[in-house]
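2 protein chains.
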Amino acid sequence: MTTKTKEANSESILSDIAINAELADYSPVKGCMVIRPHGYAIWESIQKTLDKMIKDTGHENAYFPLLVPESFLQKEAEHVEGFAPECAVVTQAGGKELTEKYVVRPTSETIINHMFSKWVSSYRDLPLKLNQWANVMRWEMRTRLFLRTSEFLWQEGHTCHATHEEAKEEVIQMINVYKDLLENYLAVPVHIGEKTDSEKFAGALDTFTIEALMRDGKALQAGTSHDLGQNFAKAFDTTFTSSENKLEHVWQTSWGVSTRLIGAIIMGHHDEVGLILPPKVSPYQVVIIPILKKNMDNSAVLDKGYEIKSDLEKLGISVKIDARDQISQGIKFNEYEQKGIPVRLVVGARDLENNQVEIHRRDIRSKEKGISLDGLGELVKNLLDEIQTNLLERAKNFRQENTKNVKNIEELAEVLNSSGGFARAKWNGDVELEKILKEKFSASIRCLPLETELADDYPCILSGTISSENKEILIAKAY
Amino acid sequence: MTTKTKEANSESILSDIAINAELADYSPVKGCMVIRPHGYAIWESIQKTLDKMIKDTGHENAYFPLLVPESFLQKEAEHVEGFAPECAVVTQAGGKELTEKYVVRPTSETIINHMFSKWVSSYRDLPLKLNQWANVMRWEMRTRLFLRTSEFLWQEGHTCHATHEEAKEEVIQMINVYKDLLENYLAVPVHIGEKTDSEKFAGALDTFTIEALMRDGKALQAGTSHDLGQNFAKAFDTTFTSSENKLEHVWQTSWGVSTRLIGAIIMGHHDEVGLILPPKVSPYQVVIIPILKKNMDNSAVLDKGYEIKSDLEKLGISVKIDARDQISQGIKFNEYEQKGIPVRLVVGARDLENNQVEIHRRDIRSKEKGISLDGLGELVKNLLDEIQTNLLERAKNFRQENTKNVKNIEELAEVLNSSGGFARAKWNGDVELEKILKEKFSASIRCLPLETELADDYPCILSGTISSENKEILIAKAY
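The structure is reproduced here in structure tokens:
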């Protein structure tokens, strides 16, 4: 398959799954999508889990204005350079031309710093640790459902600290919270690493990222956490009086994940039928399908279905029953497989007699008939755990199979031009490499991973020299 | 007090409480506010309760684009007339002038109908019952924290039905859900009623409202539910094939409440000290303040504080402990009274010896010392119920005292020019009355209440005639 066909193919996989699973739909607004109930329910599930993690680490939620005065963006030089080209701009309001234009927030560092400078005055006000759940807008040329849309939903954390050390701890803490979310809920393994200077957030000293590998061999930046240093604090004069009574600028962080995570689930877990949802983020974990006969009294089968639902719910399992009588069971089976629901239980008239059900497991598409209703709850509970574990293991194995250590550009070319995946290498820091990656391979340095694997005597991929100064890097094509 | 001074006074009450309780702050964006953590936590509490009610009545959440093509707004004639003057307009994006402008959604009927027309084709697709939690923008000339801001957070429900009857049932069901929320959670009693033609939603056949009375004698429209008929369905060609195989336009509803509800809590429950929160919506119901002595070992008092916290939490009570040692207890007492926290428990060294605490009840500002720790949980639980009930009763009594039946404009003038409140009257439907109310009293017909009280022989306030055609109305000055 040529690179171009592969590209088109992986795009159509994403959109086919998203549309068929009714996760999203295209909208009449350029680059923006509609998130349909099944997709939004996955987002609510992610939100619920992450919101608790954010609060448990001592942050509070707040809400800041959607519109940001254009002049605010310009106060931090790198920031405006990075974001201004992508902004949607409000120039009219209330029937009049505005004297000062507003941009629809692409991110909220500037307007939040304006408020921070009002709220923070003493070391007693620190640390200040806020988070916002919001929509943001970045006008993108080329968009894809969930992975890159002009408007997206996200959370953005913004914190102020008295010392750089404390801010750096916060940055690392939050990228680890994201890793926990991805691996233990979304079942998507990630590498934590540092971005290179050319890839870091516009206005940050340093950006940490979690990088995942999708089933098409591409890397996905799934979340970032930034050490902002005092850049925004200086631009907005966010100062505090220290315990030694000195006026100092605060040290700041920001961090975010978005509805892109739903894209990570889609491209991280699917098969030829469609989406596969990890039980912990699935809007409901089990779907019960009673076999309904036309022009018959189906009440016994329906009653049994509701009884099983109620029994499972008592064990903390979330269950949907599909009792629609105008739709055939075959169509229903297909619908929930496309939607990725982890477990399907089917109950028919004969099952009633035998006190049993049929059980279908979405991740490996296996079916077992004649499962006794006695102990079904525990069986399903264990099965859900098994599916959750299996999805993570499968993704880890896939990543391992698709990660190659490379010593030079030739070896790298073999990886990037074949099945894709991560290439692990050493690098002397020469930005020439990033240029070559971009121009020759449409690839990039995804990160300098915190967990390294290569031996000290591994040579720099660019220069071939061996040096203790060389840094380990992960290279891949990416979304 | 003159009307003007009263006006200024009630405005300063709102802003003083909102600012001092750290619910919100003014922002650098015209008419927009920042919702601070304490205010946002109240919103989260409202969201959690209402979201469950919305789902329990068979609706699913989804998300539609922030931006709406300007041409969409123009498809429904009354709708564009009502909303266009308030719109913020995006004319530039991605560094270019847009060929088609977008408005920042003031409400989403138009863009949602565009999608509905794509999704609905058969009676089998109906009813379609969606809800969206989102930010919206209406460029207001005169704004007030929470009650009227250019950007606000809300939920908007949008449904499609096969018959007008079913749609009308939905409209009434949802306005009753709002009444339940207001009365049983926010402790704010409301009248359900119909809006007059001049006050209904732009594009609706009929609008139902819940109207509350604030402590300054003004009415507040706290939520609305609209019978949209087939107006938007016709504008966007949202049709379905009926079970009789005929092509028909769907019947629609929409309904919403917003962060204005926090304004309803502020202006519905406060005293000279500040906010009073109903226990069911308070971010935490109990604050524990351990009395800390300078340069002493306070660990025993702190331990006891955390022990009480844990005991209360086991009973489902939400508790915060304020263990800051740089801040005096007097300042803490004041802070939580201003923030409206229902119950304060104070524990000092002497209380430890006597196995007791001091308890303070925010709604009536009563304090009792020497409350035994034995059975404290049950006592607090009952107290919270009592506060919740008391706030609703107090508000109902206030409303009753401030509702007068009026037979003519002179009697009405007495009500509106004195302490305010609702005037209950009969009306023959002549719109001249609305003109008089607006011009002479800056007042309006708030609604035609569903629950009527006046006798059949009560005369029309305008014409003095007695007729079975006359409708009962509630008149008031309003926000």
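Protein sequence lines, in the order shown, are assigned to chains G and A. For the first sequence, position 107 matches number 1087 in our numbering, and the numbering has no gaps at all. For the second sequence, position 193 matches number 1173 in our numbering, and the numbering has no gaps at all. All residues carry an ideal CB built from backbone N, CA and C; glycine is no exception.
- Of all residues in the segment 1032-1057 of chain A, only Glu1040, Asn1041, Ala1042, Tyr1043, Phe1044, Pro1045, Leu1046, Leu1047 and Pro1049 place a beta-carbon less than 7 Å from a beta-carbon of chain G.
- The shortest C-alpha to C-alpha distance from Ser1234 (chain G) to any of G:Ile1155, G:Arg1379, G:Asp1160 and G:Gly1243 is the one to G:Ile1155.
- Spanning the alpha carbons of Glu1391 (chain A) and Asn1385 (chain A) requires a straight line of approximately 8 Å.
- Residue state for Pro1270 (chain G) is assigned as strand, using DSSP reduced to three classes.
- Below 8 Å, too few C-beta pairs join the segment 1286-1297 of chain A and the segment 1223-1239 of chain A to call them touching: fewer than three.
- Excluding residues up to 5 positions away in sequence, Ile1092, Leu1110 and Ser1234 lie with their Cβ nearer than 6 Å to the Cβ of His1138 (chain G) in the same chain.
- Residue ranges of uninterrupted beta strand (DSSP E) with 3 or more members, entirely inside the segment 1180-1209 of chain G and ordered along the chain, are 1186-1193 and 1199-1209.
- By the 16-neighbour rule on beta-carbons within 10 angstroms, Arg1122 (chain A) is exposed.
- In this structure, DSSP gives Phe1063 (chain G) a helical state, which the three-state scheme calls helix.
- The segment 1279-1345 of chain G is shown to contain whole beta strand (DSSP E) runs of 3 or more residues at 1299-1301, 1323-1327 and 1336-1341, in chain order.
- Each of A:Tyr1438, A:Phe1421 and A:Ile1446 was checked against the Cα of Ile1455 (chain A), and the nearest Cα belongs to A:Phe1421.
- Under a 10 Å Cβ-count criterion, Arg1379 (chain G) is classified as buried, with 16 or more other Cβ atoms of the shown protein chains found around its own Cβ.
- Under the three-state reduction of DSSP output, Ala1021 (chain A) falls in the helix class.
- Between the alpha carbons of Ile1268 (chain G) and Gln1135 (chain G) lies a distance of about 34 Å.
- With fewer than 16 other Cβ atoms from the protein chains shown falling within 10 Å of its own Cβ, Val1411 (chain A) counts as exposed.
- Collapsing the DSSP output to three states places Trp1231 (chain G) in a strand.
- By the Cβ-count criterion, Asp1036 (chain A) is exposed, with fewer than 16 other Cβ atoms from all chains shown falling within 10 Å of its own Cβ.
- Listed along the chain, the chain G residues whose CB falls inside 8 Å of the CB of Val1014 (chain A) are Ala1042, Tyr1043, Phe1044, Pro1045 and Met1095.
- DSSP assignment within the segment 1356-1406 of chain G yields the following whole beta strand (DSSP E) runs of 3 residues or more, N-terminal first: 1383-1385.
- When the five nearest sequence neighbours on each side are left out, the beta carbons in the same chain lying within less than 8 Å of the beta carbon of Thr1218 (chain G) are those of Asn1093, Phe1096, Ser1097, Val1100, Cys1140, Phe1212, His1229, Val1230 and Gln1232, in order along the chain.
- Distance from Ile1311 (chain G) to Asn1388 (chain G) at the Cβ level is roughly 54 Å; contact not present, criterion being Cβ atoms closer than 8 Å.
- Listed in chain order, the beta strand (DSSP E) runs fully inside the segment 1120-1173 of chain G are 1131-1141, counting runs of at least 3 residues.
- Among the residues of chain A, those whose CB is under 7 Å from the CB of Arg1104 (chain G) are Gln1306, following chain order.
- Thr1187 (chain G) and His1206 (chain G) do touch by the CB rule: their CB atoms are close to 5 Å apart, below 8 Å.
- Sequence-distant Cβ neighbours of Asp1005 (chain G) in its own chain, meaning closer than 8 Å and more than five residues away, are Ile999, Met1013, Val1014 and Arg1016.
- In the structure shown, Asp1277 (chain G) falls within a coil segment according to DSSP collapsed to helix, strand and coil.
- Here Asp1436 (chain A) is exposed. Its C-beta has fewer than 16 other C-beta atoms within 10 Å.
- Taking C-beta atoms under 8 Å as the contact rule, Lys1376 (chain A) and Pro1169 (chain A) qualify, at a distance of about 5 Å.
- In terms of beta-carbon proximity, Trp1407 (chain A) stays away from the interface with chain G, with every pair separated by 8 Å or more.
- A:Asp1302 is the residue among A:His1250, A:Leu1295 and A:Asp1302 whose C-alpha sits nearest the C-alpha of Pro1270 (chain A).
- Pairwise C-beta distances place the segment 1037-1056 of chain G out of contact with the segment 1049-1056 of chain A, as fewer than three of them are shorter than 8 Å.
- Using a Cβ-Cβ distance cut-off of 8 Å, the segment 1060-1078 of chain A and the segment 1066-1077 of chain G are in contact, since at least three pairs of beta carbons, one from each stretch, lie closer than that value.
- Residue-level contact by beta carbon fails for Met1154 (chain A) and chain G, as no gap is shorter than 8 Å.
- Taking a cut-off of 8 Å for Cβ pairs, the segment 1309-1328 of chain G and the segment 1252-1269 of chain G touch, as three or more such pairs fall below it.
- With distances taken between CA atoms, Asp1277 (chain A) lies nearest to A:Asp1305 out of A:Ser1262, A:Asp1305, A:Glu1293 and A:Glu1394.
- Not flagged as an interface residue toward chain A: Ser1234 (chain G), since no C-beta distance is shorter than 8 Å.
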